[in-house]
Amino acid sequence: MRGVFNLAKMGFEKISRMEIHSLVTEGKKRLSWAESNMPVLASIRQRFENEKPLQGINIGVALHLEKKTGILLRTLVAGGAHLSAASCNPLTTDDSIAGALAEEMDVFAWANQTEAEYYNCLESVIASKPQITIDDGCDLIYLLHTKHAEALDNVIGGCEETTTGILRLEAMHSDGVLKVPVMAVNNAHSKYLFDNRYGTGQSVIEGILSATNTLIAGKTVVVVGYGWCGRGIANRLKGLGAKVIVIESATTNKGSSSGYHRALEASYDGCWVMSMKDAASHGDIFITATGNKHVISGEHFSQMKDGAVLANSGHFNHEIDLDALESKSESKETILTNVEKYAMKNGKNIILLAQGRLVNLAQPTGQGHPIEIMDGSFGVQALCVEYLAKRGDDLKSGVYNVPIEIDNDVARIALESQGIILDKPTDEQEKYTKTWKEGT
Ligand code: NAI
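What the sequence shown shows, in this note's numbering, is residues 651 to 1090, in sequence order.
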C-alpha cells in the first residue's frame, strides 16, 4: 500500500492501477539491469547491510531520478537510512523508476514537471527533516538556506554531484552564508575524470541521436566549453567523423587550468578554436557545456544555417539564451519528442533539443550516463554520505574535498571489477620515489 500512497502523491492518481502496475514492473526491470552492472555500489551495499552505518538517518535527495540513481538510493537504504527523494530537474525523472522506488522510500518526482511542481517536490523533501542532503546542482541546499533556515539545525552535511553545484556552494561560502559542510563529490578524481568526460561525452551524443536519429559523420559540430564535459563530447564526436569547432572563454580560473589553457589544449587535440561569433555560421550542431549563461545568444542565432540544431549539456537551461531565440522567431512547433522547430523571422529554422535542458537526461530520449560511469560517481556519493554520518558533526561549514582514501577505494574497486590488478611498487621503488639524493 505504501507504494500506491506515494504514487498518488506523485501525481499518478489519474492513471489506473493496471497502468501503475506495468510502469512499476518496467521500473523494476530497469533497476535490476542497472544493479547487475554496478559492482562498486554492490560491494558498498554488502558492507552497509552488515554494518548499518546510516541507521536511522534521514537523507534528503535531489538527483536525476533514473535507474542508476535508484541503485544509489537502495544502497543508502541498505545502510539503514530513511530516504526522501525528488529530482534535480523538471524533465529528468524516469516515471517507471520513480514508481518502482516509491515502494521502497518516499519519492516526490515525475517526468515533465512544471517549475512550480518541481519546487513543491523539493519542499516535500525538506519537510522530511533531512540530516544529510544529496544535491545535483545545489537546489536543495539553496532552498534550505534561503527559505528554511530553521531546518538547517538538523543538517549534519551535504554532498554535491556537479560542477555547477560546487560553484554555487563556493559562492555561498565566500559570501559567508553557507551554514553546513558539503562534500564536493564532483571534484573527486573518481567522479570528474570519468563521469564528466566519458559519461557526458557518450550520453550527450546518445541523447542528440536518439532525439533526432541523424548522422554525425561529416557534420560540423560546435562545442562550447572545453572543460571536462566539453573535452569528452568533442573527442567522441571526432571519433564519429564530425569536424569539431571549440569555443572557449578568456578566463583565468583559480586553482585549475584557465580558458586559455583549455583553448590551447583543444587546438592541440585537433579541433578548430574560434569565437562563437565566427563559429555561428559554420555549425550544423551546437552543444553547450560551460556551466555559464547565454553562451549562445541573440546575434548568434541570426547567423546560423537553416536547420542548425542546438543542444545543451550544462546543468541549467540558460546556456542558450531562450528568450532571445523566442524573440527572433515567428513561431515554434514541437515536431518530435524533445525536438522543437523555431521558425525565425529571417526565414530560417533553428532546432532546439530538450527545451535547452540537459539533452542527455531529458526524458524519454535521454538515458543519462552509462551505468558503469554512474557506479563510480555514486560509489563516491555513498561513501561520502557514510563519512558525513561518522564525521559530519566535527566539520565546520564549507566545501570539502572528498578524502583521498574514498577516492582511491572507488577507483580500485572499479578496476578490480574489470579484473585489473595493479603492480605494487617494490620496496626499492617506494624508497627511490621518496629520496632526493640519487640522481641520473
Ligand atoms: P568545467 O569547469 O570543467 O568546464 C567548463 C568550461 O567552459 C571551462 O573550460 C570554461 O572556461 C568554459 N566556459 C565558461 N564560460 C564560457 C563561455 N562563455 N564560452 C565558452 N566557454 C566557456 O565544467 P564541466 O565539469 O565540464 O561542467 C560543465 C557543465 O556541465 C556544468 O554546468 C556541470 O554542472 C554540467 N555537467 C553536466 C553533466 C551532464 O550529465 N550533462 C555531467 C557533469 C557536469
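Backbone N, C-alpha and C define an ideal beta-carbon position, used for all residues, glycine too.
The structure presented is a predicted model; accordingly, all values stated were derived computationally and were not measured.
Residue environment analysis places ILE985 among the exposed positions, since fewer than 16 neighbouring C-beta atoms fall within 10 angstroms of its C-beta. DSSP lists VAL872, LEU960 as the beta-bridge partner residues of PHE936. Three or more pairs of CB atoms, one per stretch, sit closer than 8 Å, so the stretch 848–860 contacts the stretch 871–889.
Contiguous alpha helix (DSSP H) elements confined to the stretch 950–1038 occur at 972–977, taking only those with 4 or more residues. Rounded to whole angstroms, the separation of the alpha carbons of THR675 and MET668 is 11 Å.
Taking the Cβ atoms as the reference, ILE707 lies roughly 13 Å from ALA1032, outside the contact range of under 8 Å. The DSSP assignment places complete alpha helix (DSSP H) segments of no fewer than 4 residues inside the stretch 657–700 at 667–685, in order along the chain. Within the same chain, and ignoring the five residues on either side of LYS779 in sequence, the residues whose Cβ sits closer than 6 Å to its Cβ are ASN708, ASN804. Taking 8 Å as the cut-off, the beta carbon of GLY787 is found closer than this to the beta carbon of CYS738. Take the alpha-carbon of TYR992 and the one of GLY875: they are about 24 Å apart. Its chain contains ILE776, LYS779, LEU794 as the residues whose beta carbon lies nearer than 7 Å to that of ALA801, once the 5 sequence neighbours on both sides are disregarded; these appear in chain order. Nearest neighbour of LEU715 by Cα position, chosen from SER734, SER917, PRO703, GLY729, turns out to be SER734.
VAL1030 sits close to ALA838, with the two beta carbons spaced by under 8 Å. The beta carbon of THR1015 sits closer than 7 Å to those of GLY857, SER860, ALA861, THR987, ASN988, all from its chain and outside the five residues before and after it, given in chain order. In this structure, VAL874 has its beta carbon less than 7 Å from a heavy atom of the ligand NAI.
Assigned with DSSP and collapsed to three states, TRP878 falls in helix.
In the three-state reduction of the DSSP assignment, LEU715 falls in the coil class, being assigned neither a helical nor a strand state.
Straight through space, the alpha carbons of ASN1010 and VAL873 are spaced by roughly 15 Å. Per DSSP, CYS809 is one residue of the beta strand (DSSP E) stretching across 807–810. The beta carbon of ALA692 is closer than 8 Å to those of GLU685 in its chain, skipping five residues each way along the sequence. MET926 is positioned such that its CB atom lies no closer than 8 Å to that of ILE1000. Within 7 Å of the C-beta of ARG912 there is at least one heavy atom belonging to the ligand NAI. The Cβ atoms of ASN962 and LEU890 do not sit closer than 8 Å to each other.
Annotation: the continuous beta strand (DSSP E) that includes MET833 extends over 831–834. With at least 16 other beta carbons inside 10 angstroms of its own, LEU722 counts as buried. Only buried fits LEU772, as 16 or more other CB atoms lie within 10 angstroms of its CB. Nearest to ILE694 by alpha-carbon distance, out of PHE1028, LEU713, GLY997, HIS944, is PHE1028. Per DSSP, ILE784 is not a residue of any alpha helix (DSSP H); the beta strand (DSSP E) it occupies stretches across 782–785. By the CB criterion at 8 Å, GLU810 and ASP785 fall inside the cutoff.
Using a Cβ distance threshold of 8 Å, ASP971 and ILE946 count as a contacting pair. Closest by C-alpha distance to PHE844, out of ASP1025, HIS911, ILE670, is ASP1025. The continuous stretches of beta strand (DSSP E) do not include TYR769, which lies in the alpha helix (DSSP H) extending over residues 765–777. Counting only residues of its own chain and dropping the five nearest sequence neighbours on each side, ASP919 has no CB closer than 6 Å to any other CB. Closest option to ASN967, judged by alpha-carbon separation, among PRO740, SER1067, PHE951, ILE1056: PRO740. Ranking SER979, THR796, ALA1004 by CA distance to the CA of ASN996 puts SER979 first.
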